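Novice: Questions regarding the structure given below will be posed in turn.
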Amino acid sequence: MQMHEVLVRVNDLYAQGMTDKFDILFALGEDGEAAFESHANRMGERCWTKAALLAIVDLVGRMGQEGVVPDKLGNEVREVVRTARDAFHHFPWQVDALVEHAPALYDLIVEKSANPQLCDRLSRRAFTTICKNVVFNR
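The numbering used here applies: residue 22 is where the sequence shown begins, and numbers increase by one.
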């Protein structure tokens with residue numbers, strides 16, 4: 022299991038209301054816990070940042086499968102990114118990298134999204150603005 026997949030699971034647990042890091046670690050199950058333990062000690066800040074950014078790509082890309090109401094898309098993407106930022110706050114990742122890499126992340130979302138309408142309704146510029154607003158608490 023890749024570390025960004027573990028972080029997606031961490032985000033899902035956090036979004037369900039589980040905020041204690043030890044409860045989350047226990048809830049990851051044996052696979053998630055083993056992946057976390059094998060990677061965590063060897064990972065530097067750059068690797069944590071890459072894992073967090075890839076997890077955010079997966080989380081936003083997953084929205085295309087869930088059928089998002091077009092009028093609420095921007096707010097829902099903002100909430101997904103904000104929740105991920107909050108869920109990952111215990112990990113040594115550079116949250117500022119979200120702004121720096123937002124255009125490239127958008128391209129990955131377009132590539133991975135199961136629903137092309139998601140990206141038709143959310144521009145690269147809008148996604149970058151959402152990332153800036155989340156990082157700078159606007």
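Using N, Cα and C, we set each Cβ at its ideal position, and we do this for glycine too.
These numbers were taken from a predicted model, which means no experiment stands behind them.
If you follow the alpha helix (DSSP H) that H25 is part of, which residue opens it and which one closes it?
Specialist: The sequence position of residue 25 within the sequence shown is 4, counting from 1. First-last of the alpha helix (DSSP H) with H25: 24-36.
Novice: Could you please give the first and the last residue of the uninterrupted alpha helix (DSSP H) stretch that includes H60?
Specialist: Position 39 of the sequence shown holds residue 60. Counting along the chain, the alpha helix (DSSP H) containing H60 begins and ends at 50-61.
Novice: Go ahead and pull the three-state DSSP assignment for N154.
Specialist: As a first step, residue 154 must be located in the sequence shown, where it is residue number 133. Three-state result, N154: helix.
Novice: If you run the structure through DSSP and keep just helix, strand and coil, what is W69?
Specialist: If you number the sequence shown from 1, residue 69 lands on position 48. Three-state DSSP puts W69 in a helix.
Novice: Taking the C-alpha atoms as reference points, what is the distance between A73 and P137?
Specialist: As a first step, residue 73 must be located in the sequence shown, where it is residue number 52. As a first step, residue 137 must be located in the sequence shown, where it is residue number 116. Cα to Cα, the separation comes out at about 23 Å.
Novice: Following the continuous alpha helix (DSSP H) through P137, name the residue where it begins and the one where it ends.
Specialist: On the sequence shown, position 116 is the one that residue 137 refers to. That run of the alpha helix (DSSP H) goes 137-142.
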